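With the UniProt record's numbering applied, the sequence shown corresponds to residues 1 to 146, in that order.
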Amino acid sequence: MTVTQQTPAVLEESVDLCVSVERPHPRPDGHDRYTISEVAAHTGLSVHTLRWYERIGLMSQVNRSHTGQRRYGNADLDWLAFVNKLRLTGMAVADMVTYADLVRQGDHTYPERRALLVATRENVLRRIAELQSTLGVLDFKIDIYS
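As structure tokens, then:
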């Protein structure tokens, strides 16, 4: 299947590609109370970035312990995995914050979320085409030197 082809609407096994497939949860649900440093180690994001994400509204309100320390759950890890994918697409931080706000508003925002993701997908496909063209130039030059 090429990048531009659509994936089937129904898969034999339902797989949520937004969850932490690449890095499974360190703890099972119900035992998933992670400190900010544990989340930083798991995601590769800095503690500063995690605090910034919360400050700008990219993260929902993070739970706190009785002493006021942040306590993240598996759902937060899944969200951060998705945000990392959005970052890789080149989506602007402002658009990611808009998307996060739409998610918090509820299911009635599906059309707006879809439109934002479709626009991002189009940008990704455009970038892929540019990179494929650039790769062709590199291959041509490499062949000359071979």
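Even glycine gets a Cβ: it sits at the ideal position worked out from N, Cα and C. Keep in mind it's a predicted model, so treat the numbers as computed, not measured.
Considering only C-alpha positions, which residue in the set Gln105, Ser65, Ala40 is nearest to leucine 80?
Ala40
- Just the Cα atoms here: how many angstroms apart are glycine 57 and aspartate 143? 49 angstroms
Indicate the three-state DSSP secondary structure (helix, strand or coil) for glycine 70 in the structure shown. Reading off the sequence, residue 70 comes out as arginine, not glycine. Of the three classes helix, strand and coil, the one that applies to arginine 70 here is strand, per DSSP.
message = The alpha helix (DSSP H) that contains histidine 108, what's its start and end?
response = Run containing histidine 108: none; DSSP gives neither H nor E here.
| Using the C-alpha atoms, what's the distance from serine 65 back to isoleucine 128? | 44 angstroms
Would you call the CB atoms of leucine 77 and histidine 25 closer than 8 angstroms?
-> yes
Taking the C-alpha atoms as reference points, what is the distance between arginine 27 and asparagine 74? 8 angstroms
Practice prompt. Check the DSSP bridge columns for asparagine 63 and list the partner residues they point to.
Written response: Arg71
Legend entry - Inter-stretch contact at 8 angstroms, needing at least 3 Cβ pairs: the stretch 88-99 / the stretch 119-134: yes
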